[in-house]
Structures are given as C-alpha cells and as structure tokens.
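Peer 1:
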Amino acid sequence: MDAADDMARRLLAGERPALARMITWAENADARFAAALALVYPRVGRAWRIGVTGPPGAGKSSLVNALIEKLRERASTVGVLAIDPSSPYSGGALLGDRIRMEERTTDPGVYIRSMATRASHGGLARAAVDALDVMDAFGFDWLLAETVGVGQAEYEIAGAADTVLVVLCPGAGDGIQAMKAGLLEVADVLVANKSDLAGADQLVTDLEDALALRALSRNRRRTPLVVPVSAHDGSGLDALLAAIEAHRRELEGGDLAALRREKRVRQVRRVVGERLDEVLFGSAGRTEQAAALLGKSRTPYDVAEELLGSILASTHRTRA
Ligand SMILES: Nc1nc2c(ncn2[C@@H]2O[C@H](COP(=O)(O)OP(=O)(O)OP(=O)(O)O)[C@@H](O)[C@H]2O)c(=O)[nH]1
Ligand SMILES: [Mg+2]
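According to my numbering, the sequence shown is numbered sequentially starting from 23.
1) Between V186, G161, Q224, which has its C-alpha nearest L34's C-alpha?
2) What separation, rounded to the nearest whole angstrom, lies between the Cα atoms of T337 and S252?
3) So what's M44 in DSSP terms, helix, strand or just coil?
4) Please report the straight-line C-alpha distance between Y177 and R94, rounded to a whole angstrom.
5) Below 7 Å CB to CB, which residues in the same chain sit around A149 once its five sequence neighbours on both sides are set aside?
6) Based on DSSP bridge pairs, tell me the residues matched to A232.
7) Do the CB positions of P246 and L233 come within less than 8 Å of each other?
8) Pairing CB atoms from the region 60-77 with CB atoms from the region 184-192, are three or more of them under 8 Å?
9) Under the assumption that M23 contacts M44 (Cβ atoms under 8 Å), give the Cβ distance between them as a whole number of angstroms.
10) Using only the heavy atoms of ligand 2, determine whether one of them is closer than 7 Å to the beta carbon of S83.
11) Using the DSSP secondary-structure output, state which residues sit across from V251 in a beta bridge.
12) Compare the Cα-Cα distances from L154 to each of L41, Q224, H254, T75 and report the closest residue.
13) Please report how far the alpha carbon of C191 lies from the alpha carbon of D163, in whole angstroms.
14) Cα separation between P322 and L316?
15) Skipping 5 residues on each side, what residues in its chain have a beta carbon closer than 7 Å to that of L273?
16) Flag this pair as touching only if the region 209-221 and the region 78-85 have three or more C-beta atom pairs under 8 Å; answer yes or no.
17) What would DSSP say about E168, mapped onto helix, strand or coil?
18) Tell me the DSSP secondary structure of A26 in three-state form.
19) Nearest-angstrom Cα distance between L116 and S332?
20) Using the three-state DSSP reduction, which class does L219 fall into: helix, strand or coil?
21) Of all the options T309, G145, L263, which has the alpha carbon lying nearest to the alpha carbon of Q289?
22) From the DSSP output, read off the bridge partner residues of R282.
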C-alpha cells in the first residue's frame, strides 16, 4: 500500500506514475488523497488554468491539440484533463478523442488524463479540481480542461479555470443556441472554430451581435472577445493565445487572488457536501431509517425534515 507522503515526494520529484496515481486517488475519493495534497499544496497555483467547453463536436479536442502544439513551440509544458462527454450520442467521438490526444503523450512536456463522468459519484467537479491541483503541483505551465458544455458539472469545471474558452462552430443557429445554454455567460473568450468552413463569418457576426445586446441589457463584467480560429489549418491560433494572455494579464493585475479564493471556497463546499453525505448516508443505518419513515406514507420532504431534525438535535447534544 502506497503511503501519502511517499506519493507526494515522488510527485514533487517529477515521477509521472505518481501523478497518475494521485489523480486516481482523487477520482476514487481515496482517504490518502487529502494528506498527499497537503504535502504538495505549496506548489499549487503557478499554472494557468484554461477551461475549454462548448457543445458536442464544436472542435474542443482539436483545439486542445492545436493549443498543445503552439504552447510546446514556446517550450511551455502542458497538462490536459479531458472530461468524457456523458451523453451517449457522443460515444462515437470518444475513442477518436483518445487516440488523437494520446498521440502526444510520448512528449515529456505534455500529460493527458481523461476522467470518466460515469466513474465518479457526484464528485466529478471536486475530482476534476483535485486533478488540476495535482498537475499544477507537478509543475506544468499550462493546464487545459476540456468538458462538453451541456451539464451542471461541466459548467462547474469550466468555472474552476482561470480563463474559460467557449468553443463554437458554424451551424444552424449555433450562436443563438450558445446564448440560450448560457454559454456566453461563462466565456472569457469565445472561440469561433472551423473558420475554414462556410458560415464562419456569420457565426462571428451572430456572436458579436449577441454580446452587444447583452452588454446593453445588463451591467456585465467585461465582454468576451470573439476569436475566429481553425483548429484544422491553425489560423487564428496566435490571436487566440494573445487573447488568453491578455485575459491573464488583466486578472494578474487585478482580481486574480480574489477569484481564485472564491474558486477554492467552492471546492471547500464540494468537499464538505461530499463528506456530509458520506457521514450521513455512508452506512446503512440512516438509509434504512429513511425507508422505514417513508413506509408510513409520508412524502420525501416530511422524511427529510424529520431526519434533519434528529441530526441537528444530536449535534446540539454533542456540542453541549
Ligand atoms: N473543418 C474543420 N473541422 C474541424 C475543425 N476542428 C474540428 N473539426 C472537426 O469537427 C469534428 C469534431 O471535432 P472534435 O475536436 O472531436 O470536437 P469536440 O468538441 O471535442 O467534440 P466532443 O468532445 O465529442 O464534444 C471532427 O470531425 C473534427 O475533425 C476545424 O477547425 N475545421
Ligand atoms: Mg472532445
């Protein structure tokens, strides 16, 4: 059995198997994770975290690949976390993703890890942030986290990044769809991908119109830039990196510490939520108690109130 301190030491020594192992501990909510993270935590906070989200098939993985290449040209190191799309309809795209992504893993400056949505039990966002912390401590300069922008957990993961890229591509009403899905709200940079295809200019216009309307109607934080790129032919990638770096400089000159603290607090809440659930329902006792109470033909709300009442009463007794 590996000890937490040994794993932390190996991670800081740059051993890749320790990196993989610690992320697995995070995924499995292994009890050793907390101790190991504490030992490497002084090294967390140096990497710049980029969330890459957007609808299925927009070209997120292709863009991540293209960005890896660009960043490697500048001798920066890159850690990638790919959160598998949970929707069964993207099942076919999954394998393709893996193959294309893993092409790069022979490069010592790149680490790619995927995390399965189905493998985690509600703790996906918590585990994803843990994984980014571990990669950060390992020493990568840039971290890229790809999620499909369709569910709450995915938004949450994107929201844990320093710079959020929302990737869209030309197609019937894509700009409008993105607006409806709230994707514009989470974006720091809007990437209009597939600029090599017909309809690309229309997408950029639609997005700029949508942003202008939004800026008029609401008192928003800064309006995201729209950057047309082609992950296929590489055009626009330098402009995209420049936009990311401008956003980085802006935060570093201002709110970064406060924003990161807010994100830490969210992680604290996730951990507390998970721990509480485990404490309360981890053993069969309370689940059976709930089932028995339900048996008396009461609603889930009635049962929840009664359970909460008895839990709070017992914590009061403990404190007294
Ligand atoms: N023409 C063109 N096609 C692209 C471009 N970028 C990606 N594609 C294609 O779009 C399809 C989807 O690309 P992916 O990179 O897998 O998209 P994704 O957003 O990661 O997809 P999911 O992870 O399944 O949500 C693939 O067939 C790509 O080859 C681009 O810049 N131009
Ligand atoms: Mg993908």
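Beta carbons are placed, not taken as given, at the ideal position from N, Cα and C, and that holds for glycine.
Peer 2: The short version:
1) G161
2) 57 Å
3) helix
4) 27 Å
5) A48, E49, M137, S142
6) Per DSSP, none; premise fails for A232.
7) yes
8) yes
9) Not confirmed; about 15 Å, so no contact.
10) yes
11) DSSP output for V251 lists no bridge partner at all.
12) L41
13) 28 Å
14) 7 Å
15) D184, L281
16) yes
17) strand
18) helix
19) Below a pLDDT of 50, predicted positions are generally treated as unreliable, and L116, at 42, falls in that range; no measurement from the model is reported.
20) coil
21) G145
22) The partner list for R282 (beta bridge, DSSP) is empty, contrary to what the question assumes.
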